Amino acid sequence: MLEHFCECYFNLSGLILCPVLGSIILLFIPNSRIRLIRLIGLCASLITFLYSLVLWIQFDSSTAKFQFVESLRWLPYENINFYLGIDGISLFFVILTTFLIPICILVGWSGMRSYGKEYIIAFLICEFLMIAVFCMLDLLLFYVFFESVLIPMFIIIGVWGSRQRKIKAAYQFFLYTLLGSLFMLLAILLILFQTGTTDLQILLTTEFSERRQIFLWIAFFASFAVKVPMVPVHIWLPEAHVEAPTAGSVILAGILLKFGTYGFLRFSIPMFPEATLCFTPFIYTLSAIAIIYTSLTTLRQIDLKKIIAYSSVAHMNLVTIGMFSPNIQGIGGSILLMLSHGLVSSALFLCVGVLYDRHKTRLVRYYGGLVSTMPNFSTIFFFFTLANMSLPGTSSFIGEFLILVGAFQRNSLVATLAALGMILGAAYSLWLYNRVVSGNLKPDFLHKFSDLNGREVFIFIPFLVGLVWMGVYPKVFLDCMHTSVSNLVQHGKFH
Amino acid sequence: IPFIPLPVPILLGVGLLLFPTATKNLRRMWTFLSIFLLSIVMIFSIYLSIQQIFLSCIHQNVWSWTINNEFSFEFGYFIDPLTSIMSILITTVGILVLIYSDNYMSHDQGYLRFFAYMGFFNTSMLGLVTSSNLIQVYFFWELVGMCSYLLIGFWFTRPIAANACQKAFVTNRVGDFGLLLGILGLYWITGSFEFQDLFEIFNNLILNNRVNLLFLTLCAFLLFVGPIAKSAQFPLHVWLPDAMEGPTPISALIHAATMVAAGIFLVARLLPLFIVIPSIMYIISLIGIITVLLGATLALAQKDIKRGLAYSTMSQLGYMMLALGMGSYRSALFHLITHAYSKALLFLGSGSIIHSMEAIVGYSPDKSQNMILMGGLTKHVPITKTAFLIGTLSLCGIPPLACFWSKDEILNDSLLFSPIFAIIACSTAGLTAFYMFRIYLLTFEGHLNTYFLNYSGKKSGSFYSLSLWGKEEEKKLNKNFGLVPLLTMNNTKRASFFCNKTYKISNNVRNQIFITVENFGLNTRTFYYPHESDNTILFPMLILVLFTLFIGAIGIPFNQEGIDFDILSKFFTPSINLLHKNSQNFVDWYEFLRNATFSVSIAFFGIFIAYCLYKPFYSSLLNLTLLNSFQKWNSKRIHWEKLINFVYNWSYNRGYIDSFFKTSLIESIRRLAKQTTFFDKRIIDGITN
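Those sequence lines, one after another, are chains S and R. Take the position in the first sequence, starting the count at 1, then add 207; the result is the number in the numbering used here. Take the position in the second sequence, starting the count at 1, then add 466; the result is the number in the numbering used here.
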């Protein structure tokens, strides 16, 4: 009885509608009742989170097919359907999204004096769009949602950003992403004209000629590479991070960066296997350069947020290396590293946010000796620093290790270069930690001495639990994605 | 086994986060709990090792992270004689250090934090030695490195400590990088992480010549990079002396007895793999011998007592590495055990000295660990002195003590291996004796030099040794201040404060010395200012003295009775079958005696020189004034002086290796980083805007 009930009512459209409903309710509540607004926002996002957990429980990990499939006619004459479904790859991204949104709302709990209602609505809309991106099985609609996430993000950076450069940063962010995506739109139109459909499940079985594959691959790459970000087009990311509010950074690092790699995994690799094979050396070179380059750049940064932003560029490039090594370890590892990076870099941005709330500066040189005034914060920050440099026992280690195992089988030189990034990673993470936390306290610059309050501890604890869980017992996650991943690998070999 | 001590740090961490005051009130209970749990592990591991003598090794998988059939991590434990020896070592030293540090750290704010870290360290170290595959080794390898980072940086408010721990971690990370790549390469070749499968497949491959030998050697070398960093071998040794910024019990446990031995352990574990590639064995022994020589020369002129000991640790680790490179598995492990006990004893002794000196010269490592300020402590801390002397003698290789047996074996083997190595190794044994006795004499003989700095040298003898080997008085003063950052006094005030204090104290002490000069031998707790430490500190030291005295016995070859009754080699025979092993057991008693005499004579020679140079009551110098003694010395041996100065400078500046690293590597990375940032800012950003 209960099972039947679950099967009927717990589906993806319900998941997507949850935040939308929440924001619609919020629209009718007057601005003055700020507590109620926050509470409703939090409840809506928490319900969505629980909803996604139920989906995970119901998820059948033994099949590689898309599950919870729903379709809705959207543009009948062009044969485009509103087509939802998840498999082992996208399941965890959905959960990551629904996990991070309540935390973003909690972060802005007391800080957002101005536009409190709009802040929460923006995040709920953002959540809706992001879940839709991860669930969408139709190329054109994927493109639509992929682009429309930019709108709330643009608003979040532009309105609640911290400094004068925020408008410029928001524009840069917008333009870069849009420019890349235009190529993808062209490619999607081309596919539509050739095959007459944009349904992913049909497209996965159709074969394109090699020349066409290469063209389409490049077009998709242009869009996804900006999002990853690969090296020549990464400059928008640190800018956007520095200007965004803490919660914005969390969304940006935690979810938005995964769009690019998710896109590669969902579309580029299975749809154009020959082109992928052909471009793998290119991706490897670019990513290896990016890892070394951004790690070195990180060593010179003076802004706390920029350090974390650059380090996340390095990590995301490691993800692309893993993704393009055509074996189970590489792809599984890259998914795991994406998840773990979503947790680690978000948590680090939250740490920076905690510091910024107290001291109103993000320059490293003003900090020092925080451990004597904020011991709990230092402990938590230390833990995430360790996770950032992928110490065993944290989730990043499993991801990076699997990626390196995968990549080493394909190309040992690239794996060596990627592992060099680990040394540099340890160097910059520890450098940051030592500068901020140990050493002498600088009382000239730091005035407020308050440790984490209850809300902040409550925010960090889920991150800690998640990281350790994934680090010590990743089997749960790996089992769920295993069939999908091996299907992906088989698919590439089959063609 | 390894997870038994784990609950303590976890509970402590949670407790500190949630109920800070309640946890702090119960702090002694936590100590007892952690010691108790560690004792359980010790009993268990002793039981296992007794079992080992009769049984073969145990291998069991506990749980796995299978991804699919072709790729899995399996967490299990693998227990063989090597493991059980290591775990006994870790637990015994660990327990003693815990007992010791209960007193040593009792005035520290981070008492509980300290025990949490220690528990975590013990867990991960035990995990390392019981691990059954390379992944698990890597896992715990890194955790051990992290614990060492935490413990070196224990007094995090000191910038030096913060830098030291960062340096240690990054240097170790370089080693981990090599280790990881080596593991991946081996996985690629053999398709397995398990030790046993690995060795089998590897041997088959070598026999059938199916793989590129160069690549194999490269992989093996990369694997060896990990132990290089962890055991502070030649190119990556720079972190070990700096690691002495941590509390002294930590130096004893981690940087002398257990963690640095992890590298040796790994090489020993992988020896079946290395031994089939002759070139890698050659590299191992070469690096070992370089480290032996380097560590010994660098130890010659350290002022800080702990740094001196650290360099000597490095040198001894070099001996072990050398022995492993020569394929004499048994003697390397034997030396590992004996050295661990002796060195732990020495470190605990130095901790006790530092503790007693701190009261006089102030709580900063530049002063309380400075050997130049010590001297004449024999009278004040007799028990510590005896313990320290035994440790020193043992390390020098004087017969009845532990290290003699093991070091002698290594020297023997090196003679069989190659004469050049043997010469270097033997001469270094002399150097070892020299620097160990230098430390001992500077610390315990003569008069307390703190007063000399104030009274400007009435006893010329000890001041002489100061000025030759301790030129840095001027420099030192600059560094001293500002190290105790939480004190709010400004520098000048504090300086004068210290001066006054010592002045007064020294007056008192000197008066009292003259009164009760007869009773010194009897009183353990003299009430003079550099006082003997508490019983909790002395107890572990005494136990370690016992170990140092008698642990050598397990490896003594009793050839005279006709049967090769040798516990240790019997212990190791099932685990490894080397050709070298057989010849080892047939060492002639006569030959053994000859070699032993040789090495002991070298050691005595070193001791003699040290005695000449550092004996404060050197009779001919006693009545001369300071100036005369200088002139006399100079006129006699100008060349000697030059040589000494060269050695001294080399040694004091750590063989210029640190500065070389600093200039070449770090600066170049910095420059590169600068360029990339520039590129990032101007070109990529500039084009778009």
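Heads up, the beta-carbon is just placed ideally off N, CA and C, and yes, glycines get one too. These numbers were taken from a predicted model, which means no experiment stands behind them.
Residue of the options minimising C-alpha distance to residue i
| i | options | result |
| --- | --- | --- |
| R:GLN699 | R:ILE720, R:ALA630 and R:ASN638 | R:ASN638 |
| S:ALA614 | S:PHE300, S:HIS548, S:ILE630 and S:TYR491 | S:TYR491 |
| R:TYR795 | R:GLY784, R:LYS696 and R:ARG735 | R:ARG735 |
| S:GLN274 | S:ILE236, S:LEU219 and S:TYR322 | S:LEU219 |
| S:THR623 | S:ILE528, S:LYS272 and S:PHE427 | S:ILE528 |
| S:LEU346 | S:PHE471, S:MET581, S:THR270 and S:ILE223 | S:PHE471 |
| R:LEU802 | R:LEU788, R:GLY815 and R:LEU814 | R:LEU788 |
| R:HIS727 | R:GLY585, R:PRO744, R:LEU706 and R:THR714 | Here residue 727 of chain R turns out to be Ala, not His, going by the sequence shown. Of the listed residues, the one whose Cα sits closest to R:ALA727 is R:LEU706. |
| R:CYS685 | S:GLY661, S:SER619, S:LEU222 and S:LEU570 | S:SER619 |
| R:MET710 | R:TYR777, R:PHE580 and R:THR852 | R:TYR777 |
| S:MET545 | S:LEU555, S:ILE668, S:MET523 and S:TRP367 | S:MET523 |
| S:PRO480 | S:HIS448, S:ILE425 and S:HIS441 | S:ILE425 |
| R:LEU859 | R:ILE886, R:ILE876, R:SER893 and R:LEU812 | R:LEU812 |
| R:ALA853 | R:LEU877, R:LYS873 and R:GLY817 | R:GLY817 |
Local Cβ density within 10 Å of residue i, reported as buried at 16 or more and exposed below that
| i | result |
| --- | --- |
| R:ASP663 | exposed |
| S:PRO226 | buried |
| S:PRO436 | buried |
| S:GLU446 | buried |
| S:THR705 | The question about residue 705 of chain S has no answer, for chain S in this structure spans 208 to 702. |
| S:LEU659 | buried |
| S:VAL683 | exposed |
| S:GLN697 | exposed |
| S:LEU459 | buried |
| S:ARG280 | exposed |
| S:PRO477 | buried |
| S:ASN288 | buried |
| R:PRO693 | buried |
Residue i to residue j span [Cα, whole Å]
| i | j | result |
| --- | --- | --- |
| R:LYS809 | R:ALA723 | 7 Å |
| S:SER691 | S:ASP294 | 7 Å |
| R:GLY754 | S:ALA376 | 55 Å |
| R:GLY712 | S:THR468 | 43 Å |
| R:ALA762 | R:TYR570 | 29 Å |
| R:VAL704 | S:SER416 | 58 Å |
| S:GLY221 | S:ASP267 | 19 Å |
| S:LEU385 | S:ILE395 | 15 Å |
| S:ARG541 | S:MET530 | Position check: residue 541 of chain S holds Ser in this sequence, whereas Arg was assumed. Their backbone Cα atoms lie some 6 Å apart in a straight line. |
| R:VAL559 | R:GLY585 | 13 Å |
| S:SER519 | S:SER494 | 13 Å |
| S:ALA429 | S:ILE514 | 25 Å |
| S:ARG662 | S:ALA554 | 14 Å |
| S:ILE296 | R:ILE626 | 47 Å |
| S:ILE328 | S:GLY365 | 15 Å |
| S:LEU228 | S:LEU243 | 16 Å |
| R:GLY644 | S:CYS250 | 49 Å |
Mind checking the stretch 645-668 of chain R against chain S and listing, in chain order, the residues whose C-beta falls within less than 8 Å of any C-beta there? Residues LEU646, LEU647, LEU650, GLY651, TYR653 and TRP654.
Taking beta-carbon pairs under 7 Å, can you tell me which members of the stretch 562-588 of chain S lie near chain R? Listed in chain order, the positions of the stretch 562-588 of chain S with a beta carbon within less than 7 Å of a beta carbon of chain R are GLY576, VAL578, SER579 and ASN583.
Counting Cβ pairs, one atom from each stretch, are 3 or more of them under 8 Å apart for the stretch 331-345 of chain S and the stretch 303-310 of chain S? Judged by Cβ distances under 8 Å, the stretch 331-345 of chain S makes contact with the stretch 303-310 of chain S, as three or more pairs qualify.
Taking beta-carbon pairs under 8 Å, can you tell me which members of the stretch 611-625 of chain S lie near chain R? Interface annotation for the stretch 611-625 of chain S against chain R: LEU611, VAL612, PHE615, GLN616, SER619, ALA622 and THR623, criterion Cβ-Cβ distance under 8 Å.
Does the structure place the stretch 599-617 of chain S close enough to the stretch 667-687 of chain S that three or more beta carbon pairs sit under 8 Å? By the criterion of at least three beta-carbon pairs nearer than 8 Å, the stretch 667-687 of chain S is in contact with the stretch 599-617 of chain S.
Closer than 8 Å is the cut-off here; do at least three beta carbon pairs connect the stretch 756-765 of chain R with the stretch 665-680 of chain R? Cβ pair count under 8 Å is below three, so no.
Touch test, the stretch 632-643 of chain S against the stretch 628-645 of chain R, Cβ-Cβ under 8 Å, three pairs minimum: Proximity of the stretch 632-643 of chain S to the stretch 628-645 of chain R meets the contact definition, three or more beta-carbon pairs being nearer than 8 Å.
Tell me whether the stretch 584-594 of chain S and the stretch 497-515 of chain S touch, counting them as touching only if at least three CB pairs, one residue from each stretch, are closer than 8 Å. With the rule of 3 Cβ pairs closer than 8 Å, the stretch 584-594 of chain S does not count as touching the stretch 497-515 of chain S.
Using Cβ-Cβ distances below 8 Å, what residues of the stretch 763-791 of chain R are close to chain S? Of all residues in the stretch 763-791 of chain R, none has a Cβ within less than 8 Å of some Cβ in chain S.
Below 8 Å, can you find three or more Cβ-Cβ pairs linking the stretch 579-591 of chain R to the stretch 599-619 of chain R? Contact between the stretch 579-591 of chain R and the stretch 599-619 of chain R is present: 3 or more CB-CB pairs across the two stretches fall below 8 Å.
Stretch-stretch touch, CB-based, cutoff 8 Å, three pairs: the stretch 356-373 of chain S with the stretch 240-258 of chain S: Fewer than three beta-carbon pairs drawn from the stretch 356-373 of chain S and the stretch 240-258 of chain S are found closer than 8 Å, and the two stretches are therefore not classed as touching.
Which of the residues in the stretch 507-536 of chain S, read from start to end, lie with their CB under 7 Å from any CB of chain R? Cβ contacts with chain R: ARG507, ILE535 and GLN536.
Output, in sequence order along the chain, the residues in the stretch 608-620 of chain R whose CB is closer than 7 Å to any CB in chain S. Those residues of the stretch 608-620 of chain R that come within reach of chain S (Cβ to Cβ, closer than 7 Å) are GLU608, LEU609, MET612 and GLY619.
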